[in-house]
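So the sequences go chain by chain: A and B. When we follow our numbering, the leftmost residue of the first sequence carries the number 65, and every step to the right adds one. When we follow our numbering, the leftmost residue of the second sequence carries the number 65, and every step to the right adds one. All residues carry an ideal CB built from backbone N, CA and C; glycine is no exception. Notes for the one structure printed next.
2 protein chains.
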Amino acid sequence: MAIDKSLLTGSTSMLILKLLDGTDMYGYQMIEELRKKSNNAFDLKAGTLYPLLHTLEQKNMLTSYEEVADNARVRKYYSITKHGRQQLKEKKEEWKVYTAAVNDVLGGASFATA
Amino acid sequence: MAIDKSLLTGSTSMLILKLLDGTDMYGYQMIEELRKKSNNAFDLKAGTLYPLLHTLEQKNMLTSYEEVADNARVRKYYSITKHGRQQLKEKKEEWKVYTAAVNDVLGGASFATA
DNA sequence: TTATCATATATAGATTATCTACATATGGAG
DNA sequence: CTCCATATGTAGATAATCTATATATGATAA
Numbered sequence: 065m066a067i068d069k070s071l072l073t074g075s076t077s078m079l080i081l082k083l084l085d086g087t088d089m090y091g092y093q094m095i096e097e098l099r100k101k102s103n104n105a106f107d108l109k110a111g112t113l114y115p116l117l118h119t120l121e122q123k124n125m126l127t128s129y130e131e132v133a134d135n136a137r138v139r140k141y142y143s144i145t146k147h148g149r150q151q152l153k154e155k156k157e158e159w160k161v162y163t164a165a166v167n168d169v170l171g172g173a174s175f176a177t178a
Numbered sequence: 065m066a067i068d069k070s071l072l073t074g075s076t077s078m079l080i081l082k083l084l085d086g087t088d089m090y091g092y093q094m095i096e097e098l099r100k101k102s103n104n105a106f107d108l109k110a111g112t113l114y115p116l117l118h119t120l121e122q123k124n125m126l127t128s129y130e131e132v133a134d135n136a137r138v139r140k141y142y143s144i145t146k147h148g149r150q151q152l153k154e155k156k157e158e159w160k161v162y163t164a165a166v167n168d169v170l171g172g173a174s175f176a177t178a
């Protein structure tokens, strides 16, 4: 449905951390999962994701390891760290405060329970 | 409370249009109103707002006029146009889709009624 | 009176998070 | 054997903020 991309700024890393909070995943898989879970609202680009994963790893929010899949293809899996989980928690709090503030201005109520 | 500024990207123009949907306002006033209505979550910078107002005027979403206040100070008031109202409506729709999608990924429900 | 603060608008340059475009490589399907 | 989906990656462009700076007036305090 192609939503305004500028609205996405800043929340992508939170969404990635959230995905990895459930299970280890590789990049390509994250793109698919994000699209699926958001009902096609998100279509994260590979050119956005991979550099972001590298950054998150540098910041010790993620660690990575390579694994050979059934089809002999090598995939790079990412795992969330303790620090990453902490950051996720903080980002979720910020997200709640932010959306509540926007909804206050828009005149509607906010009941996000995430 | 100083929320993560990167989360604000893209929604500022929507908030400005919403403010002006109620009544004409001048720049400095918008900054104050936004802070008040968001319970201090938003502290929009003058260096962000004024260029944005100029852009919105160029895009025919706003018109402006000068008015002399009681204290003889000249203020530049902005008024939302029909086109601006239309854009506001669209942006609000996008905002709902976007926050719903994020909340879907975060695993919480979204009930914004704005 | 004079210094300082709040009000009021504005521009320049830096920063950051996206994007598009390109590059590379493999497995599977036709 | 060719093309598409899978899979990861970098370079450069774009867009929306920010900080810093500039200018000017009215109000207030020393």
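Interface flag, Thr163 (chain A) vs chain B, CB-CB below 9 Å
Sequence index remark: in the first sequence, residue 163 (chain A) carries index 99 (1-based). Closer than 9 Å to some Cβ of chain B, the Cβ of Thr163 (chain A) qualifies, so yes.
Name the chain A residues whose beta carbon is nearer than 7 Å to that of Ser102 (chain B)?
Translated into positions along the second sequence, residue 102 (chain B) becomes position 38. Residues of chain A passing the Cβ test: Ala165, Asp168 and Val169.
Any beta carbon from chain A within less than 9 Å of Met78 (chain B)'s own beta carbon?
For the purposes of this step, residue 78 (chain B) is taken as residue 14 along the second sequence, with counting starting at 1. It does; some Cβ of chain A falls within 9 Å.
Would you identify the three-state DSSP class for Thr112 (chain A), choosing helix, strand or coil?
Reading the first sequence from its first residue, position 48 is the one you call residue 112 (chain A). Thr112 (chain A) falls in the helix class under three-state DSSP.
Out of curiosity, what's the CA-to-CA distance linking Leu98 (chain B) and Phe106 (chain B)?
The sequence position of residue 98 (chain B) within the second sequence is 34, counting from 1. The sequence position of residue 106 (chain B) within the second sequence is 42, counting from 1. For Leu98 (chain B) and Phe106 (chain B), the distance between alpha carbons rounds to 6 Å.
Scan the segment 110 to 160 of chain A and note each continuous beta strand (DSSP E) run of 3 residues or more that stays entirely inside, going in chain order.
126 to 132 and 138 to 144
Between the Cα of Leu81 (chain B) and the Cα atoms of B:Thr119, B:Asn103, B:Lys109 and B:Asn104, which residue gives the shortest distance?
As a working note, residue 81 (chain B) is residue 17 in the second sequence. The shortest C-alpha separation from Leu81 (chain B) is found at B:Thr119.
Distance between beta carbons of Val161 (chain A) and Leu79 (chain B), contact taken as under 8 Å
As a first step, residue 79 (chain B) must be located in the second sequence, where it is residue number 15. As a first step, residue 161 (chain A) must be located in the first sequence, where it is residue number 97. Their Cβ separation, rounded to whole angstroms, is 15 Å, which puts Leu79 (chain B) and Val161 (chain A) out of contact at 8 Å.
Closer than 6 Å by C-beta to Leu170 (chain A): which residues in its own chain qualify, once you throw out the five before and the five after it? Chain order, please.
Here residue 170 (chain A) is taken as the residue at index 106 of the first sequence, counted from 1. Same-chain partners within the cutoff: there are none.
With respect to the alpha helix (DSSP H) encompassing Gly86 (chain A), which residues constitute its N-terminal and C-terminal limits?
Here residue 86 (chain A) is taken as the residue at index 22 of the first sequence, counted from 1. Element bounds for Gly86 (chain A): Thr76 to Gly86.
Work out the CA separation of Ser143 (chain B) and Asp88 (chain B) for me, nearest whole Å.
Here the question's residue 88 (chain B) lines up with position 24 in the second sequence. Here the question's residue 143 (chain B) lines up with position 79 in the second sequence. The straight-line gap from Cα to Cα measures roughly 5 Å.
Is Leu126 (chain A) near Gly148 (chain A), with beta carbons less than 9 Å apart?
Position 62 of the first sequence, counted from the first residue, corresponds to residue 126 (chain A). Position 84 of the first sequence, counted from the first residue, corresponds to residue 148 (chain A). Their beta carbons are under 9 Å apart, which means Leu126 (chain A) touches Gly148 (chain A) by this criterion.
Who are the Cβ neighbours of Leu152 (chain A) in its own chain at under 7 Å, not counting the five residues just before and after it?
Your numbering for residue 152 (chain A) matches position 88 in the first sequence. Hits under 7 Å: Met78, Leu81, Lys82 and Asp85.
Per DSSP, what are the beta-bridge partners of Tyr90 (chain B) in this structure?
Mapped onto the second sequence, residue 90 (chain B) falls at position 26. Bridge partners of Tyr90 (chain B): B:Tyr141.
Between Ser128 (chain B) and the rest of its own chain, which residues show a CB-CB distance below 8 Å, the 5 nearest in sequence each way excluded?
Taking the second sequence and counting its residues from 1, the one referred to as residue 128 (chain B) is at position 64. Excluding residues within five positions, the ones whose Cβ falls inside 8 Å are Leu117, Glu121, Lys140, Tyr141, Tyr142 and Ser143.
DSSP three-state call for Asn103 (chain B): helix, strand or coil?
Residue numbering aside, residue 103 (chain B) sits at position 39 when the second sequence is read from its first letter. Reduced to three states, the DSSP call for Asn103 (chain B) is coil.
Proximity to Lys123 (chain B) [Cα-Cα], best of B:Glu96, B:Tyr90, B:Gly74 and B:Thr145
The sequence position of residue 123 (chain B) within the second sequence is 59, counting from 1. For Lys123 (chain B), the nearest C-alpha among the options comes from B:Thr145.
Buried or exposed: which applies to Thr163 (chain B), given that a residue is buried once 16 or more other Cβ atoms fall within 10 Å of its Cβ?
For the purposes of this step, residue 163 (chain B) is taken as the residue at position 99 of the second sequence. Thr163 (chain B) should be labelled buried.
Name the chain B residues that come within less than 8 Å of Lys156 (chain A), Cβ to Cβ?
For the purposes of this step, residue 156 (chain A) is taken as the residue at position 92 of the first sequence. By Cβ distance, chain B contributes Leu170.
In chain order, what residues of the same chain lie with their CB nearer than 6 Å to the CB of Glu130 (chain B), ignoring the 5 residues before and after it?
The residue labelled residue 130 (chain B) in the question sits at position 66 within the second sequence. Val138 and Lys140.
Taking the alpha-carbon positions, what's the Lys101 (chain B) to Thr112 (chain A) distance?
One-based indexing of the second sequence puts residue 101 (chain B) at position 37. One-based indexing of the first sequence puts residue 112 (chain A) at position 48. Their Cα atoms are separated by approximately 34 Å.
Do we get a CB-CB distance below 9 Å when we pair Leu84 (chain A) with the residues of chain B?
As a position in the first sequence, residue 84 (chain A) is number 20, starting the count at 1. Leu84 (chain A) does not count as touching chain B.
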